[in-house]
Amino acid sequence: MFAVLTTPRRLAAKILAVGAIALLAACDPAALGGVGGNSGPKIDASRAVPVALLVPGGSGRSGDDVLAKALENAARLAIADLDGVQIDLQVYNTAGNAATAARQAQAAVNAGAKIILGPVYSEAANAAGVAVADEGVNVLAFSNNPEIAGGNVFVLGPTFENTANRLVSYARRQGKGNIFTVHARSVAEEIGRDAIAKAIRNSGASNAGSVSFELSQQGLVAAVPNIVAQAKASGATSVFFTSTNDGAMPFLAQLLPEAGLSPSATQFIGLGRLDIPAEALTQPGLQGAWFALPDNNLYTSFQNRYAARFGGSPHPIAGLAFDGIAAIGALVERRGADALTRGALTQGSGFVGTGGIFRLRGDGTNQRGLAIAQIRNNQVVVIDPAPRSFGGAGF
């Protein structure tokens, strides 16, 4: 779940995400959209490029300090990989709040930063983007909230829309495209519901309807008979859940089959990672369920390299800092003085990240190549690999 905040500019939320290693070989600039045209400062590609990294350190919360250090570590790991490109990385603590993020973003630009990586929380990212918009400096935020994207702000985190598009498209191709959606009455899950509905419209699949439930154990138990009845009456071939295993999904996976909605007869699909935590893999009601995940081989490689240099495992979103630095480095090498403009950042061929291919879109959101996995015999089995380029299956 992510908590939602209100900002003067747009609806905001918190984040989560994953990861870049090199620019893809092709170079087909994407059509630009949204606000900002082809803005972005010129750089001297023969000298170290000033990059500001905004992290949530200094909030007084130990979790924010751990995350801040992991993001810096991942960024420095990416810098060490660059060949022929120099990055002058300056780290700024935001204390995880919007006002400090705005001040630090402005301080970074005043000190010469040509692009900003971060912040983490989307209210802070929104504020940082507003603070430096007049200078034409782009912000690559560690957020998955599309509501803050646009203008000079790009979100690097994987979005509900991207995940829903991948899963709905795959379901349609597998003859499971008459999709019924089940969601809790919460802001996050309603955003997920809307992403699924949009994906259904765009893919040519069929919307079999949706049903909601109160986000409480009592509300869920009371809603189960209605969910089963409506799903069966709709003739759905798939049931798409917005809940995750840290929310209602364990209850749904147990109660719905007991009430007669069998995952062996109707395909279960999860918008979230159904394999987290690992104990979830043993749930009988999740056997056969589909979900999306990054390219595991690439992400495992990143984890191993991080552990070898810094010890321990990286924070789940540390790969975003690696992605941002590696993408900047690849663009500087290829595009020179124009590397940090919107035209360069949104070039259509994208990048290869710690979790697979990704690209930034003109509206400030992103697309990421995801694999389709299924839970079989208490294990994760990839049934449709992550695409290796844009334009093929999966997009």
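If you count the sequence shown from 1, you need to add 162 to reach this note's numbering.
We put the CB at the ideal spot given by N, CA and C, even for glycine.
Bear in mind the structure is a predicted one, so any value in this text is a computation, not a measurement.
Please classify residue i as buried or exposed, where buried requires at least 16 neighbouring CB atoms within 10 angstroms.
i: isoleucine 249; result: buried
i: arginine 538; result: exposed
i: arginine 223; result: exposed
i: threonine 406; result: buried
i: alanine 192; result: Below a pLDDT of 50, predicted positions are generally treated as unreliable, and alanine 192, at 30, falls in that range; the measurement from the model is reported next regardless. That one is buried.
i: threonine 404; result: buried
i: serine 374; result: buried
i: threonine 527; result: buried
i: aspartate 226; result: buried
i: asparagine 459; result: exposed
Leaving aside the five residues before and after residue i along the sequence, list all residues of the same chain whose C-beta is less than 8 Å from its C-beta, in chain order.
i: alanine 499; result: Lys204, Ile205, Asp206 and Ala207
i: proline 387; result: Ala421
i: proline 212; result: Asp250, Gln252, Ala273, Gly274, Ala275 and Lys276
i: valine 228; result: His477
i: alanine 261; result: Ala289
Can you tell me whether residue i is helix, strand or coil according to DSSP?
i: glycine 354; result: helix
i: valine 544; result: strand
i: alanine 287; result: helix
i: isoleucine 438; result: coil
i: phenylalanine 520; result: strand
i: aspartate 525; result: coil
i: cysteine 189; result: Caution is warranted here: a pLDDT of 30 is assigned to cysteine 189, below 50, making its placement in the model unreliable, and no coordinate value can be reported.
i: proline 446; result: helix
i: alanine 210; result: coil
i: glutamine 248; result: coil
i: asparagine 307; result: coil
i: phenylalanine 552; result: coil
According to DSSP, residue i sits in a beta bridge with which residue or residues?
i: serine 400; result: Ile341 and Gln429
i: alanine 454; result: Ile534
i: alanine 473; result: Note on identity: in this sequence residue 473 is glycine, with alanine being the wrong assignment. The partner list for glycine 473 (beta bridge, DSSP) is empty, contrary to what the question assumes.
i: phenylalanine 316; result: Leu302
i: leucine 215; result: Val253 and Leu279
i: glycine 515; result: Gly518
i: alanine 346; result: Phe375
Between residue i and the rest of its own chain, which residues show a CB-CB distance below 7 Å, the 5 nearest in sequence each way excluded?
i: isoleucine 241; result: Ile249, Leu251 and Ile487
i: glycine 198; result: In this predicted model, glycine 198 has a pLDDT of only 45, less than 50, meaning its place in the structure is not dependable enough to derive any value.
i: glycine 366; result: Arg334
i: aspartate 546; result: Tyr332, Ala533 and Ile534
i: phenylalanine 484; result: Gly181, Ala182, Ala236, Ala237, Leu239, Ala240, Phe464 and Thr516
How is the alpha helix (DSSP H) around residue i delimited, first residue to last?
i: leucine 239; result: 224-243
i: valine 113; result: This structure cannot settle anything about residue 113, because the visible part of the chain is limited to 163 through 557.
i: threonine 262; result: 260-272
i: glutamate 420; result: 411-420
i: glycine 481; result: 481-497
Who are the Cβ neighbours of residue i in its own chain at under 6 Å, not counting the five residues just before and after it?
i: phenylalanine 402; result: Ile341, Thr343, Ile358 and Ile431
i: glycine 491; result: Leu244 and Val247
i: serine 331; result: Ser365
i: serine 305; result: Ile177, Ser284, Ala287, Val317 and Gly319
i: glycine 474; result: none
i: leucine 493; result: Ala501 and Ala506
Which two residues bound the contiguous beta strand (DSSP E) that contains residue i?
i: serine 108; result: Given that the chain is displayed from residue 163 to residue 557, the structure contains no residue 108 and the question cannot be resolved.
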